[in-house]
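Trainee: Chains A and B, in that order, are what the protein sequence lines are.
The opening position of the first sequence corresponds to residue 0 in numbering that gives the first Met the number 0, with each subsequent residue numbered one higher.
The opening position of the second sequence corresponds to residue 0 in numbering that gives the first Met the number 0, with each subsequent residue numbered one higher.
Note that the Cβ used here is the ideal one computed from N, Cα and C, for glycine as well.
My questions all concern the structure below.
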Amino acid sequence: MDKGVWIIAEQWNGKLKKVSFELLSRARRLADKLGDPLSAVLLGYQVEEAAQELIYHGADVVYLVDHPKLFQFDPDPYVSCLERLIREERPKIIVAAATTTGRTLMPILAARLHTGLTADCTDLDIEGKTGLLLQTRPAIGGNVMATIKTPHHRPQMATVRPRSCKPSPRDPSRSGEVIVKDYPDEIFASRFKLLGLEKLREETVNIEDAEVVVAVGKGIGKPENLEWIRELAELLNGAIGASRAVVDLGWLSYPHQVGLSGKTVSPRLYLACGISGAIQHLAGMRGSELVVAINKDPRAQIFKVADLGVIGDLTEILPRLIQCLKSLKLKSEVRVKES
Amino acid sequence: MRILVAVKYVPDTDEIRIDETTGTVVREGIPGIINPLDLYAVEEGLRLKEKWGGEIVALSMGPPKAAEALREALSMGVDRAVLLTDGRFAGSDTWATANTLSKAVRKLGHFDLILCGERATDGETGQVGPELGAMLDLPVITYVSRIEDLRPPHGGEPGWIRCCRLTEEGYQRLEAPLPALLTVVKEINEPRLPTFRGKSRARRTEIKVLSLEDLALSPQETGLQGSPTRVVKVFYPSLARDTVIVAESPEKSVERIIDFLREHQLI
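Quick look at the structure:
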């Protein structure tokens with residue numbers, strides 16, 4: 000009998016990524032509805048502490064595979080370990096993050112296990128009568144939502160977008176079981192040679208994890224004006240997003256691109272500067288919690304998805320906005336010093 | 000070198016409009032195109048062929064009209080095109096699509112490299128590429144932003160490929176033996192435009208069409224029947240935000256933005 004709801008935890012240098020806790024909070028609901036245990040799978044090297052953290056954040060069981068070959072993401076040993084574990088333990092449901100890692104592992108696993116997989120779900124639920132996983136995802140640039148299920152194949156597999164729900168809180172009084180899996184060496188064999196990691200040059204480019212994204216479109220006028228965007232991003236502790244036009248002009252690099260052919264982001268605040276809001280762009284940002292748009296053109300599509308739409312000239316508004324934020328910051332620093 | 004590029008025929012998202020009153024997608028009369036993200040895979044394949052020689056084949060699965068996507072690939076310079084089309088393929092999810100494609104790849108002979116776009120702009124799953132690689136038991140490298148170097152197999156020496164993957168943390172560099180399957184991101188190159196000669200060649204080139212029988216597939220292995228997933232409901236999300244529009248002086252506008260940021264504890 001298949002049993003249990005699993006999440007695939009993600010870690011970086013032994014530290015759990017926030018998305019792992021988001022997965023736990025989502026999967027907790029599913030496990031409770033089914034009356035099943037919630038387990039987390041953790042692969043890495045010297046990550047025992049992280050295993051305990053997963054329990055504090057809501058896992059009943061953690062399956063831990065700890066091996067030097069799992070230090071960095073390598074598709075071969077990661078897939079082999081997960082496939083073996085899944086065949087041994089037979090979970091009902093597996094949820095992973097829709098990150099570059101999750102979106103690589105999950106399809107390979109689904110192919111090998113001959114089961115269904117739904118990408119980029121924004122909502123997961125359990126169908127009352129059947130206990131099946133209902134997976135809701137956007138399609139056609141977020142203009143249509145589809146609810147999908149996997150009636151006969153197991154496990155039922157889904158990836159969910161980072162930041163699409165709140166992370167589960169930490170409760171150090173929680174207890175659970177860490178099950179360490181010792182696998183034979185051949186499980187860790189790889190056809191790949193990992194040659195290292197080149198950090199992205201700019202700090203402001205991790206737009207998928209950012210709380211605030213300051214995004215810029217062609218309306219900024221010229222590349223020199225990007226300095227305002229950089230300043231704004233810094234003042235708001237945000238990352239810098241870009242429309243396709245700006246990337247195609249070479250003003251910002253591709254990792255900044257938001258939209259159908261770039262990244263999908265869902266920050267707390269999306270501040271769109273000079274972005275008209277082509278349907279492909281909206282596809283990548285409409286999941287943002289709050290949207291502020293500044294644009295000269297009152298008919299710009301971006302206003303349709305904005306909470307606050309400001310019709311005006313960026314060259315007049317941005318310098319003033321920066322000045323204002325700077326003086327506010329200065330005031331609050333003075334206050335901190337005085338107190 | 001033999002290279003295969005998998006391409007998809009998708010509706011042109013530039014042409015998609017939303018019916019303002021019903022909030023539904025207007026699909027009627029939307030022209031189809033080659034998935035824009037597949038152009039990068041085609042371009043990369045062409046560059047490798049120009050450097051190392053050999054053959055490049057484009058493969059697609061879809062309705063008979065999907066031949067148009069293959070003609071676009073042909074007009075850019077691929078040598079041959081193969082279309083998998085059969086009413087019984089209809090309704091395939093990503094597993095069934097990858098399964099059908101994998102049968103075709105095996106039938107078409109040995110390839111040193113399979114290239115795919117990162118995802119299609121309609122379904123946006125990005126799953127078919129990695130699933131296809133897994134079914135063919137190939138090393139899969141996703142989100143490739145650069146091919147640093149490559150050696151085709153030569154005189155009993157196995158070939159290899161060295162690439163950069165664009166991840167959240169940075170560029171992961173890795174090497175894999177050939178044959179391998181890659182999914183590529185937009186950053187990898189600048190796709191060429193079809194030339195006039197290319198276009199006229201594309202019109203003249205015969206596209207090989209394969210059906211269920213040609214692939215020796217049973218109807219249970221493809222199409223809706225062969226799909227583990229089922230769509231149970233389709234609906235339109237509500238866009239609704241209570242948009243406040245401000246059209247005032249720059250000073251006043253900035254004030255409103257600051258108020259908004261304060262109200263939501265963003266500053």
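Drop a sphere of 10 angstroms on the beta-carbon of His-56 of chain A, count the other beta-carbons inside from all chains shown, and report buried for 16 or more, exposed for fewer.
Mentor: Here the question's residue 56 of chain A lines up with position 57 in the first sequence. Under this definition His-56 of chain A is a buried residue.
Trainee: Do the CB positions of Phe-88 of chain B and Gly-222 of chain B come within less than 8 angstroms of each other?
Mentor: Working through the second sequence from its first residue, we reach residue 88 of chain B at position 89. Working through the second sequence from its first residue, we reach residue 222 of chain B at position 223. Yes, they are a contact pair.
Trainee: When the Cα atoms are used, what is the spatial distance from Ala-39 of chain A to Gln-256 of chain A?
Mentor: Numbered from 1 along the first sequence, position 40 holds the residue referred to as residue 39 of chain A. Numbered from 1 along the first sequence, position 257 holds the residue referred to as residue 256 of chain A. Looking at the two C-alpha atoms, the distance is approximately 32 angstroms.
Trainee: Which residues does DSSP pair with Asp-122 of chain A in a beta bridge?
Mentor: On the first sequence, position 123 is the one that residue 122 of chain A refers to. Answer is A:Thr-135, bridged to Asp-122 of chain A.
Trainee: Quick one, which of B:Val-104, B:Gln-126, B:Cys-115 and B:Asp-92 has its alpha-carbon nearest Ile-107 of chain A's?
Mentor: What you label residue 107 of chain A is simply residue 108 of the first sequence in a count that begins at 1. The option with the nearest alpha carbon to Ile-107 of chain A is B:Gln-126.
Trainee: Does any residue of chain A bring its CB to less than 8 angstroms from the CB of Lys-198 of chain B?
Mentor: Residue mapping note: residue 198 of chain B aligns to position 199 of the second sequence, counting from 1. Closer than 8 angstroms: no.
Trainee: Would you mind telling me which residues of chain A sit closer than 9 angstroms to Ser-252 of chain B, beta carbon to beta carbon, in chain order?
Mentor: Against the second sequence, residue 252 of chain B aligns to sequence position 253. Residues of chain A passing the Cβ test: Ile-293, Val-309, Ile-310, Gly-311, Glu-315, Ile-316, Arg-319 and Leu-320.
Trainee: What does the Cβ neighbour count give for Pro-157 of chain B, buried or exposed, with the cut at 16 atoms within 10 Å?
Mentor: Numbered from its first residue, the second sequence carries residue 157 of chain B at position 158. The residue is exposed, with fewer than 16 neighbouring Cβ atoms inside 10 Å.
Trainee: Ala-138 of chain A versus chain B: which residues are under 8 angstroms apart at the beta carbon?
Mentor: Taking the first residue of the first sequence as position 1, residue 138 of chain A is located at position 139. The contacting residues are Asp-121, Gly-122 and Glu-123.
Trainee: Please give the ranges of any alpha helix (DSSP H) in the region 228-286 of chain A, keeping only runs that are unbroken, at least 4 residues long and fully inside the region.
Mentor: Counting whole runs of 4 or more residues, the region 228-286 of chain A contains the alpha helix (DSSP H) stretches 243-247 and 278-284.
Trainee: Give the DSSP bridge partners of Val-4 of chain A, in chain order.
Mentor: Within the first sequence, residue 4 of chain A is the residue found at index 5, counting from 1. A:Leu-37 and A:Ile-92, per the DSSP bridge assignment.
Trainee: If you follow the alpha helix (DSSP H) that Leu-173 of chain B is in, where does it begin and where does it stop?
Mentor: Sequence index remark: in the second sequence, residue 173 of chain B carries index 174 (1-based). Careful: Leu-173 of chain B lies outside any alpha helix (DSSP H), inside the beta strand (DSSP E) at 169-176.
Trainee: Let me know the secondary structure DSSP gives Tyr-182 of chain A once reduced to three states.
Mentor: The sequence position of residue 182 of chain A within the first sequence is 183, counting from 1. Three-state DSSP puts Tyr-182 of chain A in coil, outside helix and strand.
Trainee: Taking 8 angstroms as the cut-off, decide whether the C-beta atoms of Gly-175 of chain A and Ile-7 of chain A are in contact.
Mentor: To locate residue 175 of chain A, count along the first sequence from 1; it is residue 176. To locate residue 7 of chain A, count along the first sequence from 1; it is residue 8. In this structure, Ile-7 of chain A does not lie closer than 8 angstroms to Gly-175 of chain A by Cβ.
Trainee: The region 237-261 of chain A: which residues have C-beta closer than 7 angstroms to a C-beta of chain B, in chain order?
Mentor: Within the region 237-261 of chain A, the residues whose Cβ lies closer than 7 angstroms to some Cβ of chain B are Tyr-253, Pro-254, Leu-259 and Ser-260, listed in chain order.
Trainee: Check the C-beta distance from Ile-293 of chain A over to Cys-323 of chain A and give it rounded, since I have them as a contact under 8 angstroms.
Mentor: Here residue 293 of chain A refers to the residue found at position 294 when the first sequence is read from its first residue. Here residue 323 of chain A refers to the residue found at position 324 when the first sequence is read from its first residue. Not really, about 14 angstroms apart at Cβ, beyond 8 angstroms.
Trainee: Report the three-state DSSP secondary structure of Cys-80 of chain A (helix, strand or coil).
Mentor: Counting from 1 along the first sequence, the entry for residue 80 of chain A is found at position 81. In the structure shown, Cys-80 of chain A sits in a helix (DSSP, three-state: H, G or I).
Trainee: For Lys-7 of chain B and Leu-329 of chain A, I'd like the C-alpha separation in whole angstroms.
Mentor: To locate residue 7 of chain B, count along the second sequence from 1; it is residue 8. To locate residue 329 of chain A, count along the first sequence from 1; it is residue 330. About 54 angstroms.
Trainee: Where does Ile-239 of chain A land, buried or exposed, given buried means 16+ other C-beta within 10 angstroms?
Mentor: Here the question's residue 239 of chain A lines up with position 240 in the first sequence. By the 10 Å Cβ count, Ile-239 of chain A comes out buried.
Trainee: Please report the distance separating the alpha-carbon of Arg-298 of chain A from that of Leu-181 of chain B.
Mentor: Here residue 298 of chain A is taken as the residue at index 299 of the first sequence, counted from 1. Here residue 181 of chain B is taken as the residue at index 182 of the second sequence, counted from 1. Arg-298 of chain A and Leu-181 of chain B: Cα-Cα distance of roughly 41 angstroms.
Trainee: Below 8 angstroms on the Cβ atoms is my contact criterion, and I expect Thr-120 of chain B with Ser-260 of chain A to pass it. Report the Cβ-Cβ distance as a whole number of Å.
Mentor: The residue labelled residue 120 of chain B in the question sits at position 121 within the second sequence. The residue labelled residue 260 of chain A in the question sits at position 261 within the first sequence. Yes, Thr-120 of chain B and Ser-260 of chain A are in contact; Cβ-Cβ is about 7 angstroms, under 8 angstroms.
Trainee: Please classify Gln-10 of chain A: does DSSP put it in a helix, a strand, or coil?
Mentor: On the first sequence, residue 10 of chain A is found 11 positions in, with the first residue counted as 1. Gln-10 of chain A falls in the strand class under three-state DSSP.
Trainee: In the DSSP assignment, what residue or residues form a beta bridge with Leu-104 of chain A?
Mentor: Residue mapping note: residue 104 of chain A aligns to position 105 of the first sequence, counting from 1. According to DSSP, Leu-104 of chain A bridges with nothing at all.
Trainee: Taking a Cβ distance cut-off of 8 angstroms, strictly less, list which residues of the region 229-245 of chain B are near chain A, in chain order.
Mentor: Listed in sequence order: Arg-229, Val-230, Val-231, Lys-232, Val-233, Phe-234, Tyr-235, Pro-236, Leu-238, Arg-240, Asp-241, Thr-242, Val-243, Ile-244 and Val-245.
Trainee: Strictly under 8 angstroms for the Cβ-Cβ distance: is His-152 of chain A near chain B by that measure?
Mentor: The sequence position of residue 152 of chain A within the first sequence is 153, counting from 1. Closer than 8 angstroms: yes.
Trainee: Along the alpha helix (DSSP H) that carries Glu-49 of chain B, what are the first and last residues, could you check?
Mentor: Residue numbering aside, residue 49 of chain B sits at position 50 when the second sequence is read from its first letter. It spans 37-51 - the alpha helix (DSSP H) in which Glu-49 of chain B sits, taken as one unbroken run.
Trainee: Give the residues from the region 189-211 of chain A that approach chain B closer than 8 angstroms (Cβ to any Cβ), ordered along the chain.
Mentor: Those residues of the region 189-211 of chain A that come within reach of chain B (Cβ to Cβ, closer than 8 angstroms) are Arg-190, Phe-191, Lys-192, Leu-193, Leu-194, Gly-195, Leu-196, Glu-197, Lys-198, Leu-199, Asn-205, Glu-207, Asp-208 and Val-211.
Trainee: Any contact between the region 43-50 of chain A and the region 74-92 of chain A? By contact I mean 3 or more CB pairs, one from each, below 8 angstroms.
Mentor: Taking 8 angstroms as the limit for Cβ pairs, the verdict is that the region 74-92 of chain A does not touch the region 43-50 of chain A.
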